Amino acid sequence: MASLAAIRERLRSSRLDQLRQQIGAIVPHYPGSEVWLFGSLARGDWDAYSDIDLLAVAPSKADAAALADALQAACIGDDVLALSTDRWQQLKNGDDPYWRAIGQEALPLVRP
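If you use our numbering, the sequence shown corresponds to residues 2 to 113, in order.
Right, here's the structure in full:
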């Protein structure tokens, strides 16, 4: 019999695979873009009420916003933030504890 932790990890892994597949169909339309998962599902402390927090990163803020819009239109993420590649690098390595935490916990779902 599988432990509760093993069942949770199997469910999480399945959900991550599903997200990668869904996002993988969208990202090729946005060259140089990547999508990161953050929040409880990325950390592994999710529950049935957890939402899907995504970060759409692209070479420009406009491209990132377009990618974020496409992800939301496809009903893939509940909360989708959009950042340029340069801004993402600044924030995840900066002094703001909120963004540093996201930078440390975020999982790449699709990268160029």
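In this text, a Cβ means the ideal position worked out from N, Cα and C, and glycines have one as well. None of the values given here were measured: they were computed from a predicted structure.
{"Item": "Taking the CB atoms as reference points, tell me whether LEU92 and TRP100 lie closer together than 9 Å.", "Value": "yes"}
{"Item": "Pick from ALA6, ARG11, ILE27, LEU17: whose alpha carbon is nearest that of ASP54?", "Value": "LEU17"}
{"Item": "Would you mind working out which of GLY95, LEU108, SER4, GLY78 sits nearest ILE27, comparing C-alpha positions?", "Value": "GLY78"}
{"Item": "Apart from the five residues on each side of it in sequence, which residues of its chain come closer than 6 Å, Cβ to Cβ, to PRO60?", "Value": "GLY33, THR86"}
{"Item": "Taking Cβ to Cβ, would you say TRP37 is nearer than 9 Å to ALA102?", "Value": "no"}
{"Item": "Classify TYR31 as buried or exposed, calling it buried when 16 or more other Cβ atoms lie within 10 Å of its own Cβ.", "Value": "buried"}
{"Item": "Compute the distance between the beta-carbons of LEU68 and ALA57, then report whether it is under 9 Å.", "Value": "yes"}
{"Item": "State the beta-bridge partners of PRO109 as determined by DSSP.", "Value": "TRP37"}
{"Item": "Just how far apart, CA to CA, sit ALA83 and SER14?", "Value": "25 Å"}
{"Item": "Output the boundary residues of the beta strand (DSSP E) element that contains SER85.", "Value": "80–85"}
{"Item": "Suppose you measure from the CA of GLY95 to the CA of VAL81; what does that come to, to the nearest Å?", "Value": "21 Å"}
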